[in-house]
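Following: one structure in structure tokens, then a few remarks.
Protein chains: 2
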Amino acid sequence: MTEKRIISIGRQFGSGGHSVGIKVAEELGIPFYDRQLINKIAEQSGYDEKFIQSMEDSGGAVKHRLSYFLMGRDNNGKTIDDYVWDAQKKVILDLSEKGPCVIVGRCSDYILREREDVLSVFIHADFDRRCERAEKRYGKTDTPIDRRVKDMDARRQARYEYCTGRKWGRAENYDICLNSGRLGIDVCVSTVLSLVKESR
Amino acid sequence: MTEKRIISIGRQFGSGGHSVGIKVAEELGIPFYDRQLINKIAEQSGYDEKFIQSMEDSGGAVKHRLSYFLMGRDNNGKTIDDYVWDAQKKVILDLSEKGPCVIVGRCSDYILREREDVLSVFIHADFDRRCERAEKRYGKTDTPIDRRVKDMDARRQARYEYCTGRKWGRAENYDICLNSGRLGIDVCVSTVLSLVKESR
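Chains as they are written, first to last, in the numbering used here: chain A, 72 to 271; chain B, 72 to 271.
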């Protein structure tokens, strides 16, 4: 296989995909991009950073695929989301050109799908494990954790499917999918690192 | 994680999952069950071996989920397929009790889902790669290879979804999913072996 220079990590909310990404980047000594992508997408699109963030993880983001079709379109037939998507693609393609790195989420598996030097990873875990992990990480709020995890799942799925035309969570979208709940975060990290090293 | 004694391998037709399974079993020095399961299921269910085989991979098998609901039922409300499914579950559970082994397909991921000592693997690959591999392995026939691969996909999906109630090909059904087209068979084998060894 071609040497894997870029690691794209898709993840279910609460699965620990972010932690896997950080550790892989640290071990390989390469840059890590997760929420940092938001600043870059904001800069590229001209929209406010807070707005981009709200599209991702707050009540401002649309939850259902249908909502995307009901959004307003400008004279070019494009929605705000289309412009954000264009910026997102450009940011991720530019980063992957710049050099080795780890990119978390933002449909990077799809955006980089043609590149042979990308290792495309998906981290998932059982629902209960994800709730437990998410509550530990993000704390308690008035909304019960299972509701928050389900909402985030729905939003990520809707945006992924709208932007990529692919079904979210299907094994065939990725080179490797790992269940962090059953295998543990450290084993996910070592498995990804082995693949990267084996490709060299 | 718990020591992984049983390796269950689900696979897309033409992905090389069978080869991955054989090599893993050889390396670990443990029994390998793929088509051998057919004899055992035939014996357990009392149906003819050829009939069981035809349900799996010939024109005799049903291709669409709907067909299952149209099948005849006996006084217990069970179809022939239900009886085969009962036998299949018993055979696979018994084998997993007997000792370490590699089991390919037959919904073994689902049947063994409660067991912590099972490593549940799914091998997949791009459609074109699978066609190429399947033609090399099974030879040419009057039916074009892309048609044969699509038919087999449809049959496996229908049977999996009818028996398990799960969506076929979803990452979350497995501990690890590997794209053999992008990673190569040998890397799939070494990745599975590493996980087994890491669990000890």
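The C-beta atom is built at its ideal place from N, Cα and C for all residues, glycine as well.
Short-range partners of chain B found in the region 182 to 196 of chain A, where Cβ spacing is below 7 angstroms: F193, H195
Range covered by the beta strand (DSSP E) that runs through L190/B: 189 to 195
Which runs of the beta strand (DSSP E) at least 3 residues long sit entirely within the region 162 to 243 of chain A? Give them in chain order. 172 to 175, 189 to 195
Quick one: any contact between the region 104 to 118 of chain A and the region 201 to 216 of chain A, if contact means 3 or more CB pairs under 8 angstroms? no
Can you tell me which of D145/A, N244/A, G100/A puts its alpha carbon nearest to the alpha carbon of I194/A? N244/A
Span separating the alpha-carbon of C234/A from that of L99/B: 43 angstroms
Reducing DSSP to helix, strand and coil, say where Y104/A ends up. strand
Is the region 184 to 203 of chain A close to the region 100 to 109 of chain A, with three or more CB pairs under 8 angstroms? no
Endpoints, the alpha helix (DSSP H) within which R253/A is located: 251 to 254
How about the region 243 to 262 of chain A and the region 212 to 219 of chain B: do they share at least three Cβ pairs that are nearer than 8 angstroms? no
Would you check if the region 159 to 178 of chain A and the region 75 to 92 of chain A touch, i.e. whether three or more CB-CB distances between them fall below 8 angstroms? yes
Using the rule of at least 16 other Cβ atoms within 10 Å of the residue's Cβ for burial, across every protein chain shown, is K268/A buried or exposed? exposed
Can you give the Cα-Cα distance for K121/A and C259/A, rounded to whole angstroms? 32 angstroms
With 16 other Cβ atoms within 10 Å as the buried cut-off, status of K75/A: buried
Quick one: measure Cβ to Cβ for V155/B and I123/B, integer angstroms, because I've assumed they're closer than 8 angstroms. 6 angstroms
Can you check which of these residues, S270/B, V263/B, R271/B, is closest to S90/B by C-alpha distance? V263/B
Apart from the five residues on each side of it in sequence, which residues of its chain come closer than 7 angstroms, Cβ to Cβ, to V162/A? L108, K111, I112, Q115
Reducing DSSP to helix, strand and coil, say where S319/A ends up. Chain A is shown only over 72 to 271; residue 319/A falls outside these bounds and no answer can be derived.
Can you tell me where the alpha helix (DSSP H) holding S79/B begins and where it ends? It is not in any alpha helix (DSSP H) - S79/B instead sits in the beta strand (DSSP E) that spans 77 to 82.
Residues near G240/A in its chain [Cβ-Cβ closer than 8 angstroms; skip 5 each side]: Q83, F193, H195, Q228
Measuring only the C-alpha atoms, how far is T73/A from S179/B? 33 angstroms
Give the residues of chain B in contact with D246/A, contact being defined as C-beta atoms less than 8 angstroms apart. L249, N250, R253, L254
Mind checking the region 213 to 241 of chain B against chain A and listing, in chain order, the residues whose C-beta falls within less than 7 angstroms of any C-beta there? G240, R241
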